[in-house]
Each structure stands twice: as structure tokens, then as C-alpha cells.
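Enquirer: This note's numbering applies: residue 29 is where the sequence shown begins, and numbers increase by one.
In this text, a Cβ means the ideal position worked out from N, Cα and C, and glycines have one as well.
I have a structure here, written as C-alpha cells, and I will follow up with some questions on it.
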Amino acid sequence: MAIRTLLRIGHPFLLTPAKLVTRFDTSQLHDLVQDLFDTMEAHQGVGLAAPQIGVGLRVFVFGIKAHPKYPQIEEIPFTVLINPVLEPLDKEVDETWEGCLSIPEMHGIVPRYTHLRYSAYDIHRVPIAKREVSGFHARVVQHECDHLDGILYPHRIRDLRFFGYSDELFPDKGKTR
Ligand code: NI
């Protein structure tokens with residue numbers, strides 16, 4: 029399909045809550061999902077939400093393959109979530125570095141729930157079995173769900189000293205991911 033233009037922080041559409049998907053299995057929805065995967069892959073992202081390409085629907089994709097260069101990053105199966113609902117499993121919160129394709133070349137330390145359960149629909153309106161996840165997987169899902177509510181990760185940073193350009197923050201490593 030197509031690699032779409034990414035909206036970047038500052039664009040007001042990224043602050044606009046997205047609407048529930050009501051029509052499933054349409055050619056438009058299939059095209060949207062393919063474009064999200066194509067655009068995410070082109071930018072080597074781990075997740076991408078529809079509002080980031082200017083579509084105000086509650087849809088996002090995510091996933092990452094195991095990479096020999098980054099053994100600390102766990103594999104996440106490539107997944108589409110439509111109208112997702114998140115439910116933290118406890119109050120435990122974990123703070124670590126996060127990036128976003130709408131905020132290129134930057135990273136910040138963001139608090140996220142460690143343990144999470146989520147439900148959603150797939151493209152055919154089949155409910156996805158509730159999944160309990162933790163760590164990086166849980167973080168990615170929370171980050172992408174935030175995009176559907178018009179929230180970007182800098183809004184959640186508690187200490188802005190831990191926010192900046194990746195190559196300044198990690199001069200020896202480059203990007204953390
Ligand atoms: Ni993002």
C-alpha cells in the first residue's frame with residue numbers, strides 16, 4: 029500500500045481524541061492497517077497509531093522482531109488493535125526511556141503501568157482474547173493507546189531533565205531503540 033506522512037508533535041491533530049471504529053472489514057480499514065504497518069516498518073518503529081498519519085480512528089499496530097543487536101528488547105508479535113481497552117492489573121509503575129515516531133530523534137523517561145490486561149477487536153470485528161502483558165509489551169500498548177486519546181509521551185514525563193535528543197542523552201549508544 030503506502031508509506032504515509034507522519035504528523036509530528038505540534039500538529040493539533042495529535043491532540044485530538046480518535047473515534048471508535050464502527051464499520052469493520054471495509055476496504056478503507058484494510059488499507060489503513062496496511063498503511064500503518066508499511067509506515068511503521070519504513071521508520072523502524074515499534075508501534076504506530078492512526079492519528080499519527082492523520083486518521084482519527086481508534087486503531088493502532090505494533091510489534092517487533094527479535095534483533096541480535098538488541099538482545100534486551102523482547103519480541104512482540106505484530107498485532108492490530110481496534111477500539112482497545114486497557115486495564116492495569118495493579119498499581120506497579122515502571123519508568124524507562126521511550127521514543128515516538130511523531131517526536132523524532134528524542135527520548136524521555138516515562139512512567140507506565142508494569143502489568144496490564146487489554147482487549148480489542150481485530151479487523152473483522154472478532155474480539156481479541158484478553159491478553160495479560162508486562163514490561164515492554166505493556167509499555168508499547170499504553171503509549172499507542174495514549175495516541176488515541178490525544179496524549180503524547182512528553183505529557184507524562186515527571187522530570188523533564190530526562191527528556192532530550194537521543195544523541196545527546198546517549199552519545200555512545202545512539203538510540204536506545
Ligand atoms: Ni508514539
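1) What's the C-alpha gap between aspartate 118 and arginine 145?
2) Note the first and the last residue of the continuous alpha helix (DSSP H) segment covering glycine 163.
3) With DSSP as the reference, label serine 130 as helix, strand or coil.
4) Assuming alanine 157 contacts threonine 142 (C-beta within less than 8 Å), just tell me the rounded distance between them.
5) Alpha helix (DSSP H) containing valine 61: first to last residue?
6) Does the beta carbon of cysteine 173 fall short of 6 Å from some heavy atom of the ligand NI?
7) Could you tell me which of Lys97, Leu42 and Leu48 sits nearest to leucine 76, measuring between CA atoms?
8) Could you name the residues that DSSP lists as bridge partners for arginine 145?
9) Which residue from Phe90, Asp53, Thr44 and Arg51 puts its Cα closest to that of aspartate 66?
10) Taking the beta carbon of isoleucine 31 as the centre, do at least 16 other beta carbons fall within 10 Å, making it buried, or is it exposed?
11) Where does phenylalanine 88 land, buried or exposed, given buried means 16+ other C-beta within 10 angstroms?
12) For my contact list, aspartate 53 and methionine 29 are in at a C-beta cut-off of 8 Å; report their separation, rounded to the angstrom.
13) Using only CA atoms, which one of Pro96, Arg159 and Leu85 lies nearest to threonine 44?
14) Which word fits phenylalanine 164, buried or exposed, when buried means at least 16 other C-beta atoms lie within 10 angstroms of its C-beta?
Expert: So, from the listed chains and residues:
1) 10 Å
2) 163 to 176
3) coil
4) Contact flag wrong, Cβ pair sits at about 21 Å.
5) 55 to 70
6) no
7) Leu42
8) Glu115 and Glu160
9) Phe90
10) exposed
11) buried
12) About 16 Å; that fails the 8 Å criterion.
13) Leu85
14) buried
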